[in-house]
Amino acid sequence: MKREILFRGWSEIDSRWNFGHFVGYCTPIIYDLNKRFPFQVNPDTVGQYTGLTDKNGEKIFEGDIIQVGEKVKKEVCFIPSKGAFQCANLTDNQFEDCWDIYQDFPKSERMQVIGNIHEK
Numbered sequence: 004m005k006r007e008i009l010f011r012g013w014s015e016i017d018s019r020w021n022f023g024h025f026v027g028y029c030t031p032i033i034y035d036l037n038k039r040f041p042f043q044v045n046p047d048t049v050g051q052y053t054g055l056t057d058k059n060g061e062k063i064f065e066g067d068i069i070q071v072g073e074k075v076k077k078e079v080c081f082i083p084s085k086g087a088f089q090c091a092n093l094t095d096n097q098f099e100d101c102w103d104i105y106q107d108f109p110k111s112e113r114m115q116v117i118g119n120i121h122e123k
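If you want it as structure tokens, here you go:
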């Protein structure tokens, strides 16, 4: 199985998302392959690409909030004990009723990225 390994992180310096390889652990850095430049990012905002896109073709990252249908909103998160990306309810910051993003949403036309947990 081949999939694109990609990360994103918010840069406080230039106030934007940066996409690329995650190369820093002590100082979180996203290396932008297109610009060939490293960007220091807020470590709390770093998220990995799930390998899926939504109905508009937007890449879905860990930390995104997706809408399924008209009312259901879920947070995309990585659950280490399951070794997989999951969709969790956004109820009082508790992860309830997790759904497997790959099995429960095989058709991306049902999902739409409407934001992420880091936007205020």
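Letter 12 of the sequence shown, counting from 1, is numbered 15 in this note's numbering, and no numbers are missing.
Ideal placement from N, C-alpha and C gives every residue a C-beta, glycine not left out.
Residue from the options whose Cα sits closest to the Cα of residue i
| i | options | result |
| --- | --- | --- |
| residue 106 | 45, 31, 53 and 36 | 53 |
| residue 42 | 31, 57, 78 and 56 | 31 |
| residue 8 | 93, 63 and 117 | 63 |
| residue 93 | 86, 101 and 87 | 101 |
| residue 79 | 27, 117 and 37 | 117 |
| residue 11 | 86, 57, 85 and 48 | 48 |
Separation of residue j from residue i, as counted between CA atoms
| i | j | result |
| --- | --- | --- |
| residue 33 | residue 113 | 30 Å |
| residue 65 | residue 83 | 13 Å |
| residue 29 | residue 115 | 33 Å |
| residue 69 | residue 104 | 11 Å |
| residue 5 | residue 75 | 30 Å |
| residue 20 | residue 77 | 21 Å |
| residue 73 | residue 40 | 40 Å |
| residue 91 | residue 25 | 24 Å |
| residue 88 | residue 81 | 4 Å |
| residue 35 | residue 120 | 22 Å |
| residue 56 | residue 37 | 20 Å |
| residue 50 | residue 67 | 9 Å |
Reduced DSSP secondary structure (H/G/I, E/B, other) of residue i
| i | result |
| --- | --- |
| residue 83 | coil |
| residue 31 | coil |
| residue 6 | coil |
| residue 113 | helix |
| residue 67 | strand |
| residue 17 | coil |
| residue 57 | coil |
Quiz item: Is there contact here, the stretch 44–52 with the stretch 10–25, by at least three beta-carbon pairs under 8 Å?
Solution: yes
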